[in-house]
Amino acid sequence: GRFILVRYKSDADTALAEEHLSTALRLDQSNAVAMYHMGLLLCDRKRDNEGAVKYWEALLVLDPGHINAKRRLGRLFATNGDYRAADQHYKAVLASGKADMDTVDEVLAIMKDAPTRFAESR
Numbered sequence: 001g002r003f004i005l006v007r008y009k010s011d012a013d014t015a016l017a018e019e020h021l022s023t024a025l026r027l028d029q030s031n032a033v034a035m036y037h038m039g040l041l042l043c044d045r046k047r048d049n050e051g052a053v054k055y056w057e058a059l060l061v062l063d064p065g066h067i068n069a070k071r072r073l074g075r076l077f078a079t080n081g082d083y084r085a086a087d088q089h090y091k092a093v094l095a096s097g098k099a100d101m102d103t104v105d106e107v108l109a110i111m112k113d114a115p116t117r118f119a120e121s122r
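Residues 1 to 122 in the working numbering are what the sequence shown lists, from first letter to last.
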């Protein structure tokens, strides 16, 4: 679970967390928890956004209602300036009825800047 990323803070510990998650996925390729956390590790610890997207998109194939994967994809796409993709994921999160106030605040903050950022990227 979540303890993997909280407990491991050094580079060596990140490598150990990656090893544990890889083992979990080798044993069960449909392990949604391991897929989600591998995406977190890749995005937050290793700055491998492409790798994170692959895990979270694969997770959504297995579990199309996985709100956290959609939220993280929305955040990642918005951060990278792909507001159309971000919008798609955030709309799904908000439409699910499972969005908490932190998610709503995140969407509002990102979308507040979106028109300016979108215009600048043209």
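The beta carbon of each residue, even a glycine, is placed where N, CA and C say it ideally should be. Please read these numbers as outputs of a predicted model, since none were measured by experiment.
Nearest by alpha-carbon distance to residue i: which of the options is it?
| i | options | result |
| --- | --- | --- |
| residue 93 | 15, 62, 69, 76 | 69 |
| residue 61 | 87, 47, 83, 36 | 36 |
| residue 113 | 82, 88, 91, 102 | 82 |
| residue 95 | 65, 43, 21, 28 | 65 |
| residue 78 | 44, 50, 107 | 107 |
| residue 56 | 45, 49, 39 | 39 |
| residue 80 | 100, 53, 30, 31 | 53 |
Quick one: grab the DSSP three-state call for residue i.
| i | result |
| --- | --- |
| residue 46 | coil |
| residue 80 | coil |
| residue 97 | coil |
Taking the Cβ atom as the reference point for each residue, do residue i and residue j lie within a distance shorter than 9 Å?
| i | j | result |
| --- | --- | --- |
| residue 41 | residue 59 | no |
| residue 86 | residue 74 | yes |
| residue 99 | residue 67 | yes |
So residue i and residue j are supposed to be a Cβ contact under 8 Å. How far apart are they, rounded?
| i | j | result |
| --- | --- | --- |
| residue 17 | residue 25 | Not a contact, Cβ separation roughly 13 Å. |
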